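Quick note: the sequence shown uses the numbering used here, first residue 481, plus one each step. Note that CB positions come from ideal geometry on N, CA and C, so glycine has one too. Since the structure is predicted, the reported quantities are computational estimates derived from the model, not experimental observations. Single-structure report; data block below.
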Amino acid sequence: MQKRKKIIVLGATGSIGLNTLDVIRSHPDCFEAVALAALRSKEKCDALAAEFGAKAYVGEDAAVRAVTENDADICLVSTVGVSGIRPTLAAIEKGMDIALATKEVMVMAGELVTAEARRRGVRFLPVDSEHSAIFQCLAGGGERFVDRLILTASGGPFLDRPADLSSVTVAEALNHPRWKMGPKVTVDSSTMMNKGFEVLEARWLFDVPPERIDVVVHPQSIVHSLVTFNDGATLAQLSPPDMRVAIQYALTWPDRLASTREALDLAALGRLDFRAPDPGRFPCLRLVKEALAMGGCATAVLAAADEWAVQAFIDGRIGYTDIPRVVETCLEKAPRTDCSSIEQVFASSDWVFRYLETQWKR
Ligand code: MG
481 MQKRKKIIVL GATGSIGLNT LDVIRSHPDC FEAVALAALR SKEKCDALAA
531 EFGAKAYVGE DAAVRAVTEN DADICLVSTV GVSGIRPTLA AIEKGMDIAL
581 ATKEVMVMAG ELVTAEARRR GVRFLPVDSE HSAIFQCLAG GGERFVDRLI
631 LTASGGPFLD RPADLSSVTV AEALNHPRWK MGPKVTVDSS TMMNKGFEVL
681 EARWLFDVPP ERIDVVVHPQ SIVHSLVTFN DGATLAQLSP PDMRVAIQYA
731 LTWPDRLAST REALDLAALG RLDFRAPDPG RFPCLRLVKE ALAMGGCATA
781 VLAAADEWAV QAFIDGRIGY TDIPRVVETC LEKAPRTDCS SIEQVFASSD
831 WVFRYLETQW KR
């Protein structure tokens with residue numbers, strides 16, 4: 481690669497942040513971590529900053545400060561939920577490319593954020609394995625010829641569990657069969673809300689309308705996603721389920737860097753399975769489509785309601801099957817607003833949190 485890239489890591493102590501730092505650690509001649517931000521884990525963040533010679537920021541405004549007080553080539557955004565939006569906008573304002581892991585940024589404010597990035601000539605470099613796969617399939621100018629995007633989904637831990645999921649415990653929902661991730665995204669994977677968010681994310685990242693984005697269940701998590709082009713050819717990206725492959729590509733794009741990671745052994749795998757998702761078992765996929773059809777700030781309502789519901793489930797305040805119920809109720813009750821400013825996104829999200837804290841009864 482041409483020069484050492486400066487990287488800011490937001491959400492440095494989370495699972496994506498630590499994997500990003502692992503990639504930076506493996507290639508000190510290519511990357512330099514200049515600032516790390518974390519919401520709470522002060523000791524961990526300080527220790528990592530000392531190791532990398534980076535500045536540490538901890539607290540509510542840490543991510544925005546890390547962006548405004550430092551310059552970098554790439555800002556990696558992997559904070560949890562709604563909190564990713566302001567620092568992403570701040571980084572775009574400063575002309576940094578965005579390596580995006582926090583899908584809520586696209587789910588809640590995709591139209592606004594991508595318009596802002598176009599205006600500033602800033603690129604989104606997807607970190608999510610599915611979007612990285614599509615990004616890799618499109619390398620070389622393929623975006624002009626896209627017919628369909630096909631997102632793969634592992635199906636999570638409840639793919640084959642007998643239909644009644646009301647007795648699912650927090651420990652069961654946090655036990656993902658393929659990926660080690662933070663608690664929010666692990667629960668979202670088990671409900672397939674995560675896949676719904678990824679449909680929304682793909683819609684904005686690649687500017688493809690939602691009716692041309694499909695989801696297919698692929699339990700082995702080897703094929704990370706596919707693109708079908710208008711001539712009937714389909715390209716896929718395959719690799720072992722290790723999120724560092726996608727993170728590293730986001731940082732090295734348009735180049736690649738050699739790694740010592742284990743490559744794919746198809747003969748040892750033997751088979752790859754695919755099937756359609758079961759809409760009865762995974763109502764969240766339907767709710768995402770409904771929110772999209774409602775337009776305006778409905779997807780912000782969806783994401784805020786899911787954020788509240790997943791935390792309430794982890795805290796033992798609601799049951800597992802209450803998660804889609806909470807989301808559906810909020811989509812019904814929330815005031816319909818258009819979504820032409822970031823303030824409207826936050827107002828919708830605030831309405832949801834206020835409504836659920838005061839009105840939700842089990
Ligand atoms: Mg993913």
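Taking 8 Å as the threshold (C-beta atoms), are I614 and A682 in contact? yes
C-alpha distance - G575 paired with R566, whole-angstrom precision: 14 Å
Would you identify the three-state DSSP class for F615, choosing helix, strand or coil? helix
If you follow the beta strand (DSSP E) that C555 is part of, which residue opens it and which one closes it? 554–557
My guess is that V547 and A571 are in contact by the Cβ rule of under 8 Å, so how many angstroms apart are they, rounded? 5 Å
D551 beta carbon less than 8 Å from that of K486: yes
Am I right that Q700 and Q616 are in contact with their C-beta atoms under 8 Å? What's the rounded C-beta distance? 18 Å between Cβ atoms; not a contact.
Around the Cβ of Q728, are there at least 16 other Cβ atoms within 10 angstroms (buried) or fewer (exposed)? buried
Taking the Cβ atom as the reference point for each residue, do V781 and C819 lie within a distance shorter than 8 Å? no
Would you mind stating whether G635 and V697 have Cβ atoms separated by less than 8 Å? yes
Strand pairing of P567, partner residues [DSSP]: According to DSSP, P567 bridges with nothing at all.
Contacts around E623, its chain only, beta-carbon distance under 7 Å, and the 5 residues preceding and following it disregarded: F686
How far does the alpha helix (DSSP H) with Q728 in it extend, from its first residue to its last? 723–732
From the DSSP output, which residues share a beta bridge with T708? R628, T714
Ligand 1 and E584: does the residue's C-beta get closer than 7 Å to at least one heavy atom of that ligand? no
Hey, would you say L731 sits closer than 8 Å to V503, going by beta carbons? yes
For F625, collect the residues of the same chain with a Cβ closer than 8 Å to its Cβ; drop the 5 residues on either side in sequence, then sort them by chain order. F709, N710, D711
Nearest neighbour of V650, chosen from T671, E691, A513 [CA to CA]: T671
If you measure from each CB to the nearest heavy atom of ligand 1 and keep those under 6 Å, what residues do you get, in chain order? D608, S609, E610, E678
Which stretch, first to last residue, makes up the alpha helix (DSSP H) that contains F754? No alpha helix (DSSP H) holds F754; DSSP gives it neither H nor E.
Cut-off 6 Å between Cβ atoms - residues of its own chain near A726, not counting five sequence neighbours on either side: V607, S609, S612
State the DSSP-derived secondary structure class of V602, mapped to helix, strand or coil. coil
Quick one: any contact between the segment 518–525 and the segment 584–598, if contact means 3 or more CB pairs under 8 Å? no
Run through the DSSP bridge pairs and tell me what D694 is partnered with. I630
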